[in-house]
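**Q** Below is one structure. I have some questions about it.
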Amino acid sequence: SAVAPLVAPPTAGTTASVGTSQATAINPTHDVLAPAAARLALGQAIDSLGLPTTELYSLTNRQLRLQDNRVTGHVVHVDHYGNLITNISRAAVEVVSRGRPATVKFSRETVRELRPHFAAAPPGEIVCTFNPQNCLCIAINQGHASELLGMYFDSQVDVWFEPEDREPEKLGQLFA
């Protein structure tokens with residue numbers, strides 16, 4: 010089968026467009042950029058990858074908010090299974106947690122445990138885990154989390170940590 014055009018070259022007054030023959034790309038790096046890079050690496054001209062476009066899409070760039078006892082992020086992608094992928098990284102959680110257990114709060118739900126993978130929860134249960142890219146994901150084992158939780162792109166997600174013990178004697182040790 011013929012490969013559909015993937016990227017349009019920029020020309021005067023236009024921008025490059027990225028697209029696939031499918032309605033949507035589930036994983037843009039894998040579905041769009043890698044095939045385009047491979048075609049270019051084989052020596053194909055960039056203008057063979059697609060047509061110019063003047064359409065631009067504005068993407069919201071949500072930044073993480075890190076506080077002493079909380080990391081606040083947002084859903085940045087909903088995959089075809091309905092899993093909610095956030096912009097909350099494992100590194101951010103580890104830095105703020107300082108070894109404290111995490112509680113994930115979103116919508117009207119609270120999840121008190123981060124699991125190693127999706128299947129670590131019984132069917133129908135909400136599971137929070139980190140994907141291979143180390144982004145926090147919210148899923149329902151054998152369910153569609155986006156629909157069932159009413160969460161979509163840009164929905165807020167908070168990871169909370171219990172306040173650290175600040176007993177007076179420990180405060181004194183900090184200044185000794």
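Residue numbers (my numbering): 10 to 185. Heads up, the beta-carbon is just placed ideally off N, CA and C, and yes, glycines get one too. Note that the structure is predicted; figures quoted are calculated from it, not measured.
1. Report the start-end ranges of each beta strand (DSSP E) in the stretch 77-133 that is 3 residues or longer and not cut off at the edges.
2. Note the first and the last residue of the continuous alpha helix (DSSP H) segment covering LEU157.
3. By Cβ distance below 7 Å, which residues in the same chain neighbour GLU156 in space, the five residues on each side in sequence not counted?
4. Confirm, please, whether the CB-CB distance from PHE170 to SER116 is below 8 Å.
5. For SER164, count neighbouring Cβ atoms within 10 angstroms of its own Cβ and tell me buried if that reaches 16, exposed if not.
6. Does the Cβ of HIS126 have 16 or more other Cβ atoms within 10 Å, making it buried, or fewer, making it exposed?
7. Buried or exposed: which applies to LEU51, given that a residue is buried once 16 or more other Cβ atoms fall within 10 Å of its Cβ?
8. With a threshold of 6 Å on Cβ separation, who are the neighbours of ASP174 within its own chain once the five nearest residues in sequence on each side are excluded?
9. Along the chain, where does the alpha helix (DSSP H) containing LEU49 start, and where does it finish?
10. Report the option in PRO110, HIS86, SER57 whose CA atom is closest to the CA atom of GLN142.
11. Quick one: using the 10 Å Cβ neighbour count with 16 as the cut-off for buried, is ALA128 buried or exposed?
12. Could you pull the DSSP bridge partners for THR138 from this structure?
13. Return yes when the Cβ of VAL136 is within less than 8 Å of the Cβ of HIS83, no when it is not.
14. Determine the DSSP secondary structure at ASP163, reduced to helix, strand or coil.
**A** In this structure, then:
1. 79-87, 93-98, 111-115, 118-120
2. Against the sequence shown, residue 157 aligns to sequence position 148. Counting along the chain, the alpha helix (DSSP H) containing LEU157 begins and ends at 154-158.
3. Here residue 156 corresponds to residue number 147 of the sequence shown, with the count starting at 1. Correct list, in chain order: GLY91.
4. Stepping through the sequence shown from its first residue, residue 116 is reached at position 107. Stepping through the sequence shown from its first residue, residue 170 is reached at position 161. Their beta carbons are not under 8 Å apart, which means SER116 does not touch PHE170 by this criterion.
5. For the purposes of this step, residue 164 is taken as residue 155 along the sequence shown, with counting starting at 1. Label assigned to SER164: buried.
6. Within the sequence shown, numbered from 1, the residue matching residue 126 stands at position 117. By the neighbour-count criterion, in which 16 or more other beta carbons inside 10 Å mark a residue as buried, HIS126 falls on the exposed side.
7. Position 42 of the sequence shown, counted from the first residue, corresponds to residue 51. Exposed is the call here.
8. Counted from its first residue, the sequence shown places residue 174 at position 165. Counting only Cβ-Cβ distances below 6 Å, and skipping sequence neighbours, we find nothing.
9. Within the sequence shown, numbered from 1, the residue matching residue 49 stands at position 40. It spans 43-50 - the alpha helix (DSSP H) in which LEU49 sits, taken as one unbroken run.
10. Looking up residue 142 in the sequence shown gives position 133. Taking only the C-alpha atoms, the option nearest GLN142 is HIS86.
11. Counted from its first residue, the sequence shown places residue 128 at position 119. With fewer than 16 Cβ atoms within 10 Å of its Cβ, ALA128 is classed as exposed.
12. Walking along the sequence shown from the start, residue 138 turns up at place 129. Answer is CYS146.
13. For the purposes of this step, residue 83 is taken as the residue at position 74 of the sequence shown. For the purposes of this step, residue 136 is taken as the residue at position 127 of the sequence shown. Contact: no.
14. For the purposes of this step, residue 163 is taken as residue 154 along the sequence shown, with counting starting at 1. Residue state, collapsed to three classes: coil.
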